[in-house]
Structures are given as C-alpha cells and as structure tokens.
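**Q** Mapping of the sequence shown onto this note's numbering: residues 160 to 281, in sequence order. Just so it is clear, CB atoms sit at the ideal spot from N, CA and C, and this is done for glycine as well.
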Amino acid sequence: MSPDSVLETVLDTAAVVCLAGGALLCLAAGVALVRFPDLLSRMHAATKPQVLGLLLVLLGCGLRLRTSADVTTLVLIGAFQLATAPVAAHMVGRAALRERRPDPDLLVTDELPADGGPSSPS
C-alpha cells in the first residue's frame, strides 16, 4: 500500500466517524425537542447538540470531499450556523420570558420587571 492510499483510508474513516457522530447528535436533538418537558430545556436541545451535530457532519463532508471550493462552502455554512443559532435561541428565550412561559421555579434570576415591560438600565 502506498502512503497516499493509507492517508485516504484514514481520512475516509475519520469522515465516517464524524458523519455518524453528527447524525447521532442531530437525532438526539430532534428526540429531545419532542421529549423534554419545558421550553428552556427544549431550547437548549434545539441549539447545542444540533449545532455540534451539524459541525461534525460538515467536518465529515470536508474530510471526504477535500476540494477547496467544497471546503470553503462548508466553512461558510458552519460559520453562519454558529452566528445564527445563538441569536435565534436568545430571541425565542426573550419572547418566552415576556410571555411568562418558563416556570419561575426553574429560573435562578428573573430580570424581566413584574409589569412585563422592558427593564430600565441600571
């Protein structure tokens, strides 16, 4: 076996491991969205394991494709996902807090004023 074929075999194996791990994390995030009892834990499941799963899938695809155009596209997809998922979760959390959806016993601090309006800066 030539060194190039050994390297390709190792990269393909790493790609399979990343793709399988990413798929399992995305599946776990989907199951958690259905099974978790409250909004805050569902919001966590929709962001953390889903983003990590997608990044692992993108890494696996990058290891398998290995062309500069494909890898650049995958890096952009990952960067946009990392930029938008936390913002979306933050907006969902703020809207839920304004609607008083989370159980107050689950919150460590509630920074929303009692009247539900925007809080005044300190």
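Three or more C-beta pairs closer than 8 Å, one from the region 204-222 and one from the region 173-191: is that the case here?
**A** Output reads yes: the region 173-191 touches the region 204-222.
**Q** Within this structure, are the beta carbons of residue 202 and residue 267 separated by less than 8 Å?
**A** Position 43 of the sequence shown, counting from 1, holds the residue named residue 202. Position 108 of the sequence shown, counting from 1, holds the residue named residue 267. Cβ distance not < 8 Å, so residue 202 and residue 267 don't count as in contact.
**Q** With contact counted as at least three CB pairs below 8 Å, one residue from each stretch, are the region 227-237 and the region 245-263 in contact?
**A** Judged by Cβ distances under 8 Å, the region 227-237 makes no contact with the region 245-263, as fewer than three pairs qualify.
**Q** Within 10 Å of its beta-carbon, does residue 144 have 16 or more other beta-carbons around it, so buried, or fewer, so exposed?
**A** Coverage of the chain is limited to positions 160 through 281, which leaves residue 144 absent and any answer about it impossible.
**Q** If we require 3 or more residues per run, which beta strand (DSSP E) segments fall completely within the region 181-269?
**A** As far as the region 181-269 is concerned, it has no whole beta strand (DSSP E) run of at least 3 residues.
**Q** Among the residues of its own chain, which have a CB less than 6 Å from the CB of residue 180, if the five just before and after it don't count?
**A** Numbered from its first residue, the sequence shown carries residue 180 at position 21. So the qualifying residues of the chain are 215.
**Q** For residue 247, count neighbouring C-beta atoms within 10 Å of its own C-beta (all shown protein chains included) and say buried if the count is 16 or more, exposed if not.
**A** Within the sequence shown, numbered from 1, the residue matching residue 247 stands at position 88. Under this definition residue 247 is an exposed residue.
**Q** When you compare the CB positions of residue 199 and residue 261, do they come within less than 8 Å of one another, or not?
**A** Looking up residue 199 in the sequence shown gives position 40. Looking up residue 261 in the sequence shown gives position 102. For residue 199 and residue 261, yes; Cβs fall inside 8 Å.
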